[in-house]
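Q: Next up is a structure, given as structure tokens.
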Amino acid sequence: MITLGIESSCDETSVAILRDTTVIKNGIYSQTEHSQFGGVVPEIASRAHLEKIDHLTETVFAETDIKIKDIDLISVTDSPGLAGALLVGVSFALGLHTTLNKPITGINHLEGHIFSVLLENPDLSFPFLALVVSGGHTAIYTVHDTGKYELLGQTVDDAAGEAFDKVGKMLGFTYPAGRSIELEASMVQNEKSITFPVARISSNNLNFSFSGLKTAVKYFIKDKNVQFINENRSRICFAFQKAVIDSLSNNLASAVKSTKIRRIALVGGVACNQSLRDALQKRFGTDIRFPSPQLCTDNAAMIALAGYNRYRKKQLRFPTMNPSAPL
Amino acid sequence: MKVTAYSVEQTRELGALFASKAMPGDIYLLEGDLGAGKTEFVRGFTAKLETECTVRSPTFSIINVYTTRMFPVYHFDFYRMCDPDELNETGYYEYINSDGVCLIEWGNLFPEVIPQNAVKIKITDISENVRIIETEKEL
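Residue numbers (my numbering), protein chains in the order written: chain A, 148 to 474; chain B, -1 to 137.
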């Protein structure tokens, strides 16, 4: 069975082809990957999905021996995201659905991220806990089954990835700065001279807050001179990153305790962070699984797999285009 | 108007005060550094209108929509945008001409897309807790 996945909820335009659960092609179009497409498409605004999706789909099919008429299912992200961005993917998918007369399903973007871990870890069985951490989301779910997700806690202000990016900016890195912080922090080992508070919202829920941490870093560096910041940038990055990791790790441990579920998936763009992976691996051992980095960031392969699973469970739902729908 | 807020709660109270005078179609521009309290202001503003939505940072999403008992609140953040053309895919031009209220963080990055009737609110952080909040509007 061939599933076509389409993702355009935010910055990335992505089109993927799956044969059952195997990724045949996972084409991702972002600003940094222009060269991959031979420079045919001119420089355009990063979120101009409309100008990319057609070309990307043609390219993806041209690189395989699968023809567009061979697909059996269309799976498209329809929530949450930018209204206009989602509209491009959903309209494109509906066009194919009508022309090819093939079944279609809408997929929640966060549901897609949860399935990203199953692309490479098909043995991970339900139920499991999913920690979704990205630039726009930070949440823990119990994944009972395909289509059955229970929110255990989420950020009440900034997402973890956003905190990385903004603190990085304060420290002189260019936005987005998550990767720069990680590299800078890796220059020191278990630094204790600087610490930042680990936010804990309440003992009754598993919510996160990263806005206070951002402010704490801001006031820590506010009165310091350039020389101090230059000499201590690695330590500040380390302490900040540690506070984020501790917050994620502690809530995850609480989730394990309260649900008695030991299997965990770490997904979303921030799951690329090796220090976070190492810290969680150390604490949760072989119970925790991660997608490889290229499947952590937004991609259509995860959307296709979520759609395939919905198809198997007879849970297809017509795309609804709801920019702010929760999972 | 120029007032001093001595805590996050007082920043939220000022947001609530603006909300109590707000009319559908209003547009507010929130200016202030990272961590100044722009999102806290929106939190107080939206809470006053009675909502079940959680106000979160729209930096990544560019826009968050909150339904309230009074009218919808459209919470924008231009912080990570590179080009004003990106607003075409956010629905911005529909929202600023709708019957909801728009609150825009970092709107000063793209002044050319801000309507004339927008009310500017400037938040300056003096210390960890103290904020000065200024606006040309008389409440």
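From the three backbone atoms N, C-alpha and C, an ideal C-beta is built for every residue, glycine too.
Quick caveat: nothing in here was measured; it's all calculated off a predicted structure.
Buried or exposed: where does Ala286/A fall if 16 or more other Cβ atoms within 10 Å of its Cβ makes it buried?
A: buried
Q: With distance defined between alpha-carbon atoms, name the residue in Ala324/A, Pro250/A, Pro440/A and His260/A nearest to Phe311/A.
A: Ala324/A
Q: Please report how far the alpha carbon of Asn377/A lies from the alpha carbon of Glu331/A, in whole angstroms.
A: 11 angstroms
Q: With a threshold of 16 other CB atoms inside 10 Å of the CB of Arg459/A, please say whether the residue is buried or exposed.
A: exposed
Q: Taking the beta carbon of Tyr455/A as the centre, do at least 16 other beta carbons fall within 10 Å, making it buried, or is it exposed?
A: buried
Q: Among Tyr4/B, Ala20/B and Tyr77/B, which one has its Cα closest to the Cα of Trp104/B?
A: It is Tyr77/B whose Cα lies nearest to the Cα of Trp104/B.
Q: Comparing C-alpha positions only, which one of Val314/A, Asn337/A and Gln336/A sits nearest to Arg326/A?
A: Val314/A
Q: Can you find at least 3 beta carbon pairs, one from the segment 15 to 22 of chain B and one from the segment 334 to 353 of chain A, that sit closer than 8 angstroms?
A: no
Q: Under 8 angstroms between the Cβ atoms of Phe69/B and Glu309/A?
A: no
Q: Leaving out five residues before and five after Ala448/A in sequence, what residues of the same chain have Cβ atoms less than 7 angstroms from its Cβ?
A: Gly152, Ala163, Leu165, Val170, Asn173, Leu266 and Leu442
Q: Which word fits Met317/A, buried or exposed, when buried means at least 16 other C-beta atoms lie within 10 angstroms of its C-beta?
A: buried
Q: Taking contact to mean 3 or more Cβ pairs, one atom from each stretch, closer than 8 angstroms, check whether the segment 71 to 87 of chain B and the segment 194 to 209 of chain A are in contact.
A: yes
Q: Chain B partners of Asp304/A, CB-CB under 7 angstroms?
A: By Cβ distance, chain B contributes Thr37, Arg54 and Ser55.
Q: What residue from Ile383/A, Ala453/A and His284/A has the CA that sits closest to Ser356/A's CA?
A: His284/A
Q: Exposed or buried, what is Lys389/A when buried is set at 16 or more other beta-carbons lying within 10 Å of its beta-carbon?
A: Buried, because 16 or more other Cβ atoms sit within 10 Å of the Cβ of Lys389/A.
Q: Measuring alpha carbon to alpha carbon, tell me which residue in Phe367/A, Pro344/A, Lys369/A and Val373/A is nearest Ser394/A.
A: Pro344/A
Q: Could you tell me if Ile124/B is buried or exposed, where buried requires 16 or more neighbouring beta carbons within 10 angstroms of its beta carbon?
A: Looking at its Cβ environment, which holds fewer than 16 other Cβ atoms inside 10 Å, Ile124/B is exposed.
Q: Is there a Cβ from chain A that is less than 8 angstroms from the Cβ of Asn86/B?
A: yes
Q: Using a Cβ-Cβ cutoff of 8 angstroms, what residues of the segment 341 to 367 of chain A are near chain B? List them in chain order.
A: Within the segment 341 to 367 of chain A, the qualifying residues are Ser358, Lys361, Thr362, Lys365 and Tyr366.
Q: Please list, in chain order, all residues of the same chain as Gly35/B whose beta carbon is under 6 angstroms from its beta carbon, the five residues on each side excluded.
A: Thr9, Ile121 and Arg129
Q: Can you pull out the residues from the segment 312 to 342 of chain A whose beta carbon lies closer than 8 angstroms to at least one beta carbon of chain B?
A: Asp312, Lys313, Lys316, Met317, Tyr322 and Pro323
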